[in-house]
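Down below is the structure, laid out as structure tokens.
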Amino acid sequence: MNSSFWLQREGNRPELLCGNSAGYTVVSGHFIMLVFSTIVLGGFLRTFLKNSEVTVLIILSVLGFVIGQLAHISVQVYQIVYPLLRTPSFALYCYFSPIIIFMAALDVDFCILKNVFWQVLLTGLISFVVAFIIIGYVVLKFNRDLWDLQSSLLFSMILGMTDPVHSVNSLKTIGISKMYTDIIRGESMIICGFTSICFGIFRSNLLHVSMFTELHVILGLCLDLLGSIICGYSCARIIQFILTDLFSNTLTSVILCISMVYMTFYIVELLGMSGMIALVAVGLNLDSLSFKPRIEIIITKFLKMFSTVYQQLIYTFFGIVIGCGETKYLGFHTVVFIFILFATVNFVRLLTILLVSPILMHANYEYNWKWGIVIAWSGIKGVFSLLLAPDIHNLAEQKVESPQLFILYVQVISLMTMGINSYMMTHSARTLGLCAISLPRQMAMQNAIKHIQEIIQNTITLFKTEKILTNVNWTLVEEKTKIEYNIPSDACHVSHDNKKEESPTEEVLIEEARLHVAIIQMSSFEKQCNDGILSVEAARILIGATKSYCPIQGKFMSIYDVSTYVRARSWLMKFKSMLAFLEYHKDKASLILYGNNKFLLFVYHIAFSEEFEYAGHVITVMYIYPMIMHLWPIARELNVSALISVNNYFVFLFIFRSALKIVILKRKYFHQYWNTLDFLIVLLGIIDIFCIYFVKLRPDNFVLIQITVILGYFRIIRFIPFIKIIIPLLINIVDVQIKKRLRLMYSITKGYVKSQEDTKFLIKQISSRESIYQKLYEILETNKRDAVKELGLIEHEGRDVVIALKTRQAIRSVIAKALKNLTFLWSRGIIDKHEGIEMNKVFLAKIKALNNFPMAIPPPTPDKYLHNIVWLENKDVLIEFFKERAKLAYFDYGDVICREGEMPQGIYLIISGMAILHSSPPTFGIDSSLKSDRASQTMFTEYCTSGDIIGELSCLLKREIEYTAICETILQACFISLEDLYEGFDVFWPSLEYKIWLKLALSIAYQYFESSLTDEDLDFQKCVAFNLAYVETLSSYNEMTIDNVTMKFVIIVYGSVIDTQTEVPYLAPCILPKTCEQVQGTSDLSKLLVVQASKPAKNTDDSKVMVNTGLRTTQREYNWKRKNEERGFQSSWNWSQS
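According to the numbering used here, the sequence shown is numbered sequentially starting from 21.
What follows is the structure, encoded as structure tokens:
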């Protein structure tokens, strides 16, 4: 945009900051010392004046002014600052602005800004226009320095700019909603971008071109804007690729990120566009998911460090420039004009807010006059106004004698707004109660503090039992660890006197809880993405959808809302159906119909050969050139007879091709739409030939000539059959897109389900009121149920895609677990640094290889699904045993698999399809006399999909089924009868039955106590192999002693027990407290899952464990040959495979 920055024009010197130059030589190294001294002094000032950044900048500006005055007097000092005075103003702008604008844009949440983009855009444009008119008028009216019109307008543009960094810094420190800080910052970036484009136009001397018109300005602005955004988006994708590379070094990533920022700015400016808008686009397109875990914090710290240092240097440098000027131009009128400008700037801001308030009220239901007052004080000027200030003199038509006054006015107004406006913003927000913590939030904070205090107390109680800590002064420990958090008085809605009298309504509590739920869900999405469970695209969609629905009062986001946000895949399915309808299929007639007719057999082989089809396509391609000549008037006039002959020849070939097919297919020829089209082309071609012939006979008939011309243009339909070659390719492309969409939707839905589960564990901390807890739980459970249903429907629609995605996620989880174990071994010194780095590279390479993982994997055959039953442990002897006895069962939509209250017939392993389970609250084997107080009439609903098992618990207990299972889709299942299951128990006693109980116990424990078991690695195979957890069985009145040293958790998963000392009953599901030392069963059958505190040795014959889980058969001999009775499962598989 500024050609002098890249290449000095012939006969021109670089622009000078103060408009003056001298013939002194530069003293080597002294200017660098000045730069670093400024940085060190700024660092010390920030250390001592922690809460007053504006004071630091004022001191540095005054110090710069003093140095400038000394340079004006002393030649030695002038030699030190001379390199600064010789620096082009645009060069300083390019040195400092990229990092600052990128940091400001990176801090903006684009998902929030996108929801109010048009309102923010209108606010920015209105603010720019109002400031341009009013400030320009005030400068022309009250300034005595005789600035010309162009200088006054450029000055009004600069003073109209709002600093995107300082305008929200004070609001962020008092906890104002991020939505309002993003609105202010978005508006300031729009103004800065538009101003940079305007200054770029002036720098390029476009306004001095003689043929210049308003259209050129509009087109230039649009191209600058569009080109800058495209370049910024492309750079953002490159930076994201660099920062998400698993093998990239952190330091290298930071260096490349900052280098790419500067390179983008310079390249865009070199191309004549706006580098500032490009960097705004870069920052907005990057978010926390665009970085590797924890690297965002490092990059943000680097950016803040550079931004702070740059601001200190800018204010010091421009203080020096002002000091180097003549002081005779500074007088009383200068001070008066500064105050006039300050008042004008704030009046312009207030007028802008009055004009845009209706727009902002429409954008957000929370916006009111209080927010208007706070935002009216946000018109803070900063470094961008200061960096562009020297360009007023450089671009002015008439040069003034005191160019430093442009900088003086801007710098003083900037410092005044930083100090006064920032204070008034925070003071207004506190006075009007906008930074006050609502009563529900206060209650949530108190609940969180109470929870933390309980954790601290439990930790102290646990430490008291350790022998090594017996001589610790626990009274002092409890006193020092006690948390006392007092909410600031200005953050409270009500005073302490009447706080007890006022309590929030249930609607207010629900609304506050809804916002907490949204925050928890977004944290869950980000954690899943960092753990590799959720793809970046899916996580970004879920977070964006959550932020989009947050402003809607009372709205809890459901999975259907997310589907709407994604713009469902229905159009792809419709497009594929249309392509499948248009796809060409050959209709072959039977050879038997022709008998010994050699001619028809010959024609048959010709018409249905691949060569015949390709010949037809070659004919179509060859006709392209004659058609072009026919449509080109000059060529048509010169080659009339040749074109007529070629047309006749091609019509003959089309007739010949269609005739051959009609001879063979007869009436079936017209069953195919493409054949009908060929026949229509032949008819039009024949009519066209006859019309040309009649025109030769009657050349004076105008109507006939017009018909012939129209029919000539209709020849273009001869190329339509060429599309049938492209259709199979299009179908393959659409199939790939549909699979990508299915994979994305499944990943989104699964991530949503996981977030609902994570939220349910924390809702007790959100609200302590029971009614609010119940409502939140019901909402979350309903949303989870709907999402699980969607998972089943997606899996039914694309089983191969879902299998590939699940397999990929399983591989990713296994590698992540291995990486975690590697980190542990590395931290303990078992693996040295070099070996750890090499092994880490191997694991990262495997993770990176998952990017090329197949999009679809064919579903396994039914017999392979037996390998998915965990309690069979993938052992051939067990699998073969049940494979001989199992049967395939098929159910249609709406069929009932089993009913509540019926005796179980066996277990069903779902192979494909989805079933819905309706049930009363689960009893967990608790006696009715004990559970009367906690009885509930709420019906439970659950969805089962491929891989789930129906009827395990009922078969183990031989009791009535507690739910009704109904097919939601066509369902295929593997059925193992109750008799066969118990025959297996007899043959493999006692390991098989025990393993099923262990699997069910682990499932119940994770379902209800996942938050407590997050640090436990309770994989079924490991529990069996290493006895990490085992199941204890208690009958009525049987007792069990609990050893808290060896037993980390004791969880009742079925039945009920009573503490023998305190006689406190515990009903399943429940984790027994540490104070419980002995329990006694109170139900007919109680099952307890014991999680051991340490990993014992692997089970052997000599191991003293509760149950020997090894595989063994009974004493009686068993004949492994198939019995003569009917077992249809094996034959069914053989039939399906054949």
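We put the beta carbon where it would ideally sit given N, CA and C, even for glycine. Remember, it's a predicted structure, so these values are computed and weren't measured experimentally.
In this structure, Ile969 keeps its C-beta atom at 9 Å or more from the C-beta atom of Cys918. Within the segment 768-798, the alpha helix (DSSP H) runs of at least 4 residues that lie entirely inside it are, in chain order, 783-786. Taking C-beta atoms as the reference points, Val288 and Ser294 count as a pair closer than 9 Å. The continuous beta strand (DSSP E) containing Phe1069 extends over residues Met1067 to Tyr1074.
Separation of Leu697 and Leu762 (C-alpha to C-alpha, rounded to the nearest whole angstrom) is 35 Å. Three or more beta-carbon pairs separated by less than 8 Å link the segment 909-924 to the segment 976-988, which places the two stretches in contact.
The residue among Pro879, Thr1034 and Pro924 with its C-alpha nearest the C-alpha of Gly967 is Pro879. In the structure shown, Thr984 adopts extended strand secondary structure according to DSSP, grouped into three states. Membership of Met934 in any beta strand (DSSP E) is not indicated, and neither H nor E is assigned to it by DSSP.
Take Ser555, set aside five residues on each side of it, and the residues of its chain with a beta-carbon closer than 8 Å to its own are Cys549, Leu764 and Ser767, in chain order.
Spatial neighbours of Arg656 in its own chain (CB-CB distance under 8 Å, excluding positions within 5 residues in sequence) are listed in chain order as Met649, His650 and Leu663. Looking only at Arg223, Ser254 and Val300, the smallest Cα-Cα distance to Leu415 is reached by Arg223. Annotation for Asp1035: no residue places its beta carbon closer than 6 Å to its own, counting only its chain and skipping 5 residues before and after. In the DSSP assignment, Phe722 falls within the unbroken alpha helix (DSSP H) covering Phe722 to Tyr733. Annotation for Val403: the continuous alpha helix (DSSP H) segment containing it runs Val403 to Leu408. The alpha-carbon separation between Gln332 and Ser190 amounts to approximately 18 Å. The bridge partners DSSP lists for Val916 are Ile986. Excluding the 5 residues flanking it on each side, Ile783 has same chain C-beta neighbours closer than 8 Å at Ala533, Val537, Tyr793, Leu796, Tyr797 and Leu800, in chain order. Gln477 is classed as exposed because its beta carbon has fewer than 16 other beta carbons within 10 Å across all chains shown. Taking the Cα positions, Thr802 is about 9 Å away from Thr961.
Here DSSP, grouped into helix, strand and coil, assigns Gly849 to coil. According to DSSP, Ala125 shares a beta bridge with no other residue. In terms of Cβ geometry, Pro184 and Ile249 do not form a close pair [threshold 9 Å]. Residue pairing by DSSP places Asp1079 opposite Val1099 in a beta bridge. For Ser448, the uninterrupted alpha helix (DSSP H) run begins and ends at Ser442 to Thr451, by DSSP. Taking a cut-off of 8 Å for Cβ pairs, the segment 144-153 and the segment 172-186 touch, as three or more such pairs fall below it.
Taken through DSSP and simplified to helix, strand or coil, Glu346 comes out as coil. Tyr102 is classed as buried because its beta carbon has at least 16 other beta carbons within 10 Å across all chains shown.
Collapsing the DSSP output to three states places Val492 in coil. DSSP places Ser661 in no beta strand (DSSP E) but in the uninterrupted alpha helix (DSSP H) bounded by Val660 to Leu685.
In the three-state reduction of the DSSP assignment, Leu1048 falls in the coil class. In the DSSP assignment, Glu1059 forms a beta bridge with Gln1100. Going by C-alpha positions, Ser568 is about 29 Å away from Met181. With at least 16 other beta carbons inside 10 angstroms of its own, Asp411 counts as buried. CA-to-CA, the gap between Leu703 and Ile758 works out to about 40 Å. Each of Trp891, Asp883, Lys895 and Asn894 was checked against the Cα of Ala906, and the nearest Cα belongs to Asp883.
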